[in-house]
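Data block below; observations after.
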Amino acid sequence: MSKSKQERCLQCRLVVQECICSDITPFRTEHRLTLLTNKREEYIHSNTGRLLRLMLENNSLIYVGEKGWEDKVEFEIARSEYTPVIFFPVTPFSDGQEIVKEKGKPLNIIVLDTNWSSARRWLYKIGSMEVKKIGLRTVPPSKYYLRKQPKKENLCTFQAVVSLLEELGSGSSGPATSHMNEMFALWVKSMAKERGLTFPSLGSGH
Ligand SMILES: [Zn+2]
Numbered sequence: 069m070s071k072s073k074q075e076r077c078l079q080c081r082l083v084v085q086e087c088i089c090s091d092i093t094p095f096r097t098e099h100r101l102t103l104l105t106n107k108r109e110e111y112i113h114s115n116t117g118r119l120l121r122l123m124l125e126n127n128s129l130i131y132v133g134e135k136g137w138e139d140k141v142e143f144e145i146a147r148s149e150y151t152p153v154i155f156f157p158v159t160p161f162s163d164g165q166e167i168v169k170e171k172g173k174p175l176n177i178i179v180l181d182t183n184w185s186s187a188r189r190w191l192y193k194i195g196s197m198e199v200k201k202i203g204l205r206t207v208p209p210s211k212y213y214l215r216k217q218p219k220k221e222n223l224c225t226f227q228a229v230v231s232l233l234e235e236l237g238s239g240s241s242g243p244a245t246s247h248m249n250e251m252f253a254l255w256v257k258s259m260a261k262e263r264g265l266t267f268p269s270l271g272s273g274h
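FYI, the numbering for the sequence shown is 69 to 274, going by the numbering used here.
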């Protein structure tokens, strides 16, 4: 039986023997995640936006191109308890922490969960919606050892969002992000093994 025929968990998309779902503790973070994706991403097992939704309870998912998707984005942008931002570092971009300080509200972080060329197109479509773009202060090295990075500063969606939450650094997100990092490392390890890839040691015994 070929590997592609192996049964997969519908949530984490690892082969069922490697499923990490029962080890995941979802957290409710003060910052909200609004994930924009499309149906094509649904078929990509290595998509990491899916993992984010398993771990962050305060999220919503919008399929770009589906009927009414722009209204849904506008609805998220209009939520008064958050300041909406688009997490996409086009220069010049703003600093998330500064916005939190200035507005005194948590962020509704709009994330474009797709490849970079589609992300640029989507950004253009929602560009008229007057929402600040934010980026990371410091981009860490990628831990997504599943592909050759076109540019080394391009992080996968999961790691980018966790890094942002770490930078925003409110006390409540500490346990969440360390758990997320741990689960992500396990997930990457299983995905890489399945693909016969080698990757840097994640440190044995921890
Ligand atoms: Zn699973």
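Beta carbons: idealized from backbone N, C-alpha and C, even for Gly.
For residue i, three-class secondary structure by DSSP
i: Gly237; result: coil
i: Ile194; result: coil
i: Gly271; result: In this predicted model, Gly271 has a pLDDT of only 49, less than 50, meaning its place in the structure is not dependable; the value taken from the coordinates is given anyway. Coil, per DSSP.
i: Ser162; result: strand
i: Leu223; result: coil
i: Arg76; result: strand
i: Val207; result: coil
i: Met248; result: helix
Residue i versus the options, residue with shortest Cα-Cα distance
i: Trp190; options: Asn106, Ser90, Thr93 and Glu235; result: Asn106
i: Leu63; options: Arg76, Cys89 and Glu75; result: Outside the displayed span of the chain (69 to 274) sits residue 63, for which this structure offers no information.
i: Glu215; options: Leu119, Glu142 and Lys257; result: Rather than Glu, the amino acid found at residue 215 in this sequence is Arg. Comparing Cα positions, the closest option is Lys257.
i: Tyr212; options: Glu138, Glu98 and Lys261; result: Lys261
i: Ala187; options: Asn127, Gly136, Ser162 and Val158; result: Val158
i: Met251; options: Leu122, Ile177, Asp163 and Pro174; result: Leu122
i: Leu204; options: Asp139, Ala146 and Ile177; result: Ile177
i: Leu233; options: Asp181, Glu198 and Ile202; result: Ile202
Segment limits, alpha helix (DSSP H) that includes residue i
i: Ile145; result: Trp137 to Ala146
Within 8 Å, strictly: CB atoms of residue i and residue j
i: Lys193; j: Val153; result: no
i: Leu103; j: Val179; result: yes
Continuous beta strand (DSSP E) stretch holding residue i: start and end
i: Arg100; result: Arg100 to Thr105
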